[in-house]
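Asker: Positions 4 to 306 (this note's numbering) are the ones given, in order, by the sequence shown.
Glycine residues also receive a C-beta, built at the ideal position from the N, C-alpha and C atoms.
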Amino acid sequence: MALAKQIRNVTLVGANGTVGAPILSSLLAAGHKVTVLTRPGSTKDFPAAVTVHVGDYSDEEFISSSLKDQEVLILALAFTAYDAQIPLIKAAAKAGVSYIVPCEFGSDPTHQKLNAAIELMSMKAPYRKLIEDLGISSWIGVVNNPWVEFSMRLGLYGIDMKKRTATLYDEGNTKANFTTLKRVGESLAALLSLPEEDLAKHKNEFVYFSSFYANQKDFLASAMRATGTTEEDWTITNTSTNKVLQDAREGDPSARMMLLFALVFKEGYGGDYSSKVVDYEKLGLVGEDLDAIMKGLAQELAA
Ligand SMILES: NC(=O)c1ccc[n+]([C@@H]2O[C@H](COP(=O)([O-])OP(=O)(O)OC[C@H]3O[C@@H](n4cnc5c(N)ncnc54)[C@H](OP(=O)(O)O)[C@@H]3O)[C@@H](O)[C@H]2O)c1
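1) Nearest to G17 by CA position, among G231, A79 and D250, is which residue?
2) Which residue from Y211, V13 and Y172 puts its Cα closest to that of V281?
3) Please identify the residue among S29, N147, F209 and A24 whose C-alpha is closest to the C-alpha of I10.
4) Using 10 angstroms around the beta-carbon of E189, count the other beta-carbons present and answer buried if the total reaches 16, otherwise exposed.
5) Do you know how far the Cα of D236 is from the Cα of A33?
6) Can you check the stretch 5-71 for any alpha helix (DSSP H) of at least 4 residues that lies completely inside it and give the ranges in chain order?
7) Considering only the alpha carbon of each residue, which of L137, H114, Y85 and D86 lies closest to V267?
8) Report the partner residues of N241 according to the DSSP bridge assignment.
9) Quick test of the definition: if touching needs 3 or more C-beta pairs under 8 angstroms, does the stretch 184-198 touch the stretch 280-295?
10) Ligand 1 and A265: does the residue's C-beta get closer than 6 angstroms to at least one heavy atom of that ligand?
11) What I want to know is whether the C-beta of V22 ends up closer than 6 angstroms to one or more non-hydrogen atoms of ligand 1.
12) Per the DSSP calculation, Y216 is bridged to which residue(s)?
13) Excluding the 5 residues preceding and the 5 following N148 in the sequence, name in chain order all residues of the same chain whose CB lies nearer than 7 angstroms to its CB.
14) Is L262 helix, strand or coil by DSSP?
15) Give a yes or no on whether the C-beta atoms belonging to S141 and K206 are separated by under 7 angstroms.
16) Run through the stretch 96-148 for me and flag every whole beta strand (DSSP E) of 3 or more residues, listed as ranges in chain order.
17) For L133 and I89, which I take to be in contact (beta-carbon distance under 8 angstroms), what is that distance rounded to the nearest angstrom?
18) Evaluate N241 with the Cβ neighbour count: other Cβ atoms within 10 Å of its Cβ, from every protein chain shown; 16 or more gives buried, anything less gives exposed.
19) Taking 7 angstroms as the cut-off, decide whether the C-beta atoms of K165 and L263 are in contact.
20) Measuring straight from C-alpha to C-alpha, what distance separates K8 and S257?
21) From Y172 to Y216, what distance separates their C-alpha atoms?
22) So, helix, strand or coil for Y276, using DSSP?
23) So, L91 versus I66, is the Cβ gap smaller than 7 angstroms?
24) Is E174 buried or exposed, if buried means 16 or more other CB atoms sit within 10 Å of its CB?
25) Whole angstroms are fine: how far does the CA of T233 sit from the CA of I77?
26) Run through the DSSP bridge pairs and tell me what Y211 is partnered with.
27) From what residue to what residue does the beta strand (DSSP E) around V75 run?
28) Excluding five sequence neighbours on each side, which residues of the same chain lie with their C-beta closer than 8 angstroms to the C-beta of K116?
29) Within a Cβ cutoff of 7 angstroms, which residues of the same chain sit near A95, ignoring the five residues on either side of it in sequence?
30) Can you tell me which of the three DSSP states D201 falls into?
31) Where L159 and A193 are concerned, what is the direct C-alpha to C-alpha distance, given to the nearest angstrom?
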């Protein structure tokens with residue numbers, strides 16, 4: 004049964020970004036009081052219900068005054084702008100913001116084997132540590148694996164809908180968790196609607212979001228249904244995740260680039276976090292339809 008909802012004052016930074024935009028829509032739909040911080044020169048019209056503050060993220064006076072009376076700070080900044088989190092985290096602590104959702108939104112940072120294989124995995128830890136060291140706010144880290152629409156558009160699941168090519172890792176049978184951008188937003192907005200005693204259980208913890216528990220073959224079959232094609236229309240090749248891992252270790256640039264995505268489909272590397280996924284019934288969210296999402300992508304890619 005879904006719980007009673009709590010409305011919170013939430014500040015979102017990066018609201019016009021890939022994950023920021025669906026987070027913003029979901030926060031508004033859930034009834035939260037949303038403030039957006041954005042830099043001068045960023046071009047985006049936000050809905051009238053949003054309070055917008057325009058300024059530099061390193062301007063202490065600007066961020067401190069913007070964060071007054073806020074309960075949650077969500078940082079959805081670009082990969083290249085992670086350090087912009089530092090003054091924002093410090094200002095949030097000064098302003099007494101209870102929760103910070105830092106730039107995470109990726110694979111499971113608690114998985115030791117994955118951490119050992121991918122250097123990038125350790126990049127986000129210092130920001131969580133800073134929040135803990137300041138001792139005022141608590142972090143909630145979102146784990147969602149490579150986003151469905153984002154990854155399918157770029158062929159990052161090994162499946163290229165436009166070229167109709169697929170590279171299957173380990174026969175394409177390894178199941179893992181995958182989340183749509185829309186579901187990331189909805190899940191976070193619903194989580195932030197939990198009563199305080201429930202939300203507090205997530206302090207300094209990761210939350211695991213998931214739309215689908217699926218393997219490459221499931222995505223490929225859905226892509227075929229969405230494009231009205233059959234196996235004869237596709238070029239399907241096989242490789243192994245061990246080969247990608249080995250090539251990446253030897254410095255092969257394309258293997259290094261694809262490693263994070265290939266390892267999602269490798270057994271024992273944390274792609275399958277199904278035992279940790281949030282209780283969607285409690286959050287009041289129902290399942291999504293993979294075929295409908297693939298159909299939308301197929302139409303978009305054909306346009
Ligand atoms: N799971 C996945 O598949 C996946 C994929 C990509 C990224 N991610 C993760 O998701 C999080 C958000 O990434 P994203 O792709 O959504 O970000 P994004 O769309 O590239 O950018 C988000 C926002 O960051 C701000 N920004 C950009 N450059 C900046 C700079 N130089 N200085 C300060 N602010 C800057 C901009 O906001 P304003 O213009 O409003 O200031 C921008 O809208 C990151 O933690 C990233 O690692 C996950």
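Answerer: Taking the coordinates as given:
1) A79
2) Closest by alpha carbon: Y211.
3) S29
4) buried
5) 43 angstroms
6) 23-32 and 63-69
7) H114
8) L171
9) yes
10) no
11) Flag set: Cβ of V22 near ligand 1.
12) BP columns for Y216 point to N180.
13) Once the five neighbours on either side are set aside, the close Cβ partners of N148 are S110, A179, N180, F181, T182, V267 and G274.
14) helix
15) Taking 7 angstroms as the cut-off, the Cβ atoms of S141 and K206 count as close.
16) Here the runs fully enclosed are 102-104 and 141-146.
17) 7 angstroms
18) exposed
19) no
20) 46 angstroms
21) Answer to the nearest angstrom: the Cα atoms are 16 angstroms apart.
22) coil
23) yes
24) exposed
25) 43 angstroms
26) V146 and V280
27) V75 to L78
28) G271, Y272 and G273
29) L70, L76, I103 and S140
30) helix
31) 28 angstroms
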